[in-house]
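In what follows, a structure is listed as structure tokens, so that the remarks can point back to it.
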Amino acid sequence: MTDDGKQLLSTFETRLRHLLYLHEEQKRENADLKRQLEETEEARTQLQADYEQLAQRYKDLKAATAISLDGNDVRETKARLSRLVREVDKCIALLNE
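Just add 1186 to wherever you are in the sequence shown, counting from 1, and you've got my numbering.
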């Protein structure tokens, strides 16, 4: 093999090793990003569950406040109770179907 051929082969091997190194680096970075994505997704899922729980607690608190009779909101409380009774009646009707 001539000196030019050896030089080209050496350059090719060097570039190939560099490409393999870059490929491994990309694989490591990709794995790290996938791990971060999974962690972020788990955190988002937990936050969504917390939000839904808080929204339900707020709704319950609102209902409890509306039901409590303080003399000022009797009409509103009666309307809220009527809506709740209608909602329960609808649920019972759906269960009976």
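Backbone N, C-alpha and C define an ideal beta-carbon position, used for all residues, glycine too.
Exercise. Flag this pair as yes or no: are the beta carbons of R1266 and A1249 separated by less than 9 Å?
Key: Walking along the sequence shown from the start, residue 1266 turns up at place 80. Walking along the sequence shown from the start, residue 1249 turns up at place 63. In contact: R1266 and A1249 (Cβ atoms closer than 9 Å).
Practice problem: Identify every run of the alpha helix (DSSP H) within the stretch 1204 to 1283, keeping only runs that are complete inside it and at least 4 residues long; order them along the chain. | Solution: 1260 to 1282
Quiz item: In chain order, what residues of the same chain have a beta carbon less than 6 Å from the beta carbon of A1241, not counting five sequence neighbours either side?
Solution: Along the sequence shown, read from residue 1 onward, the residue named residue 1241 stands at position 55. So no residue of the chain qualifies.
Self-check item: Backbone CA spacing between G1191 and L1223 [nearest angstrom]
Solution: Numbered from its first residue, the sequence shown carries residue 1191 at position 5. Numbered from its first residue, the sequence shown carries residue 1223 at position 37. Each residue's Cα considered, the two are about 47 Å apart.
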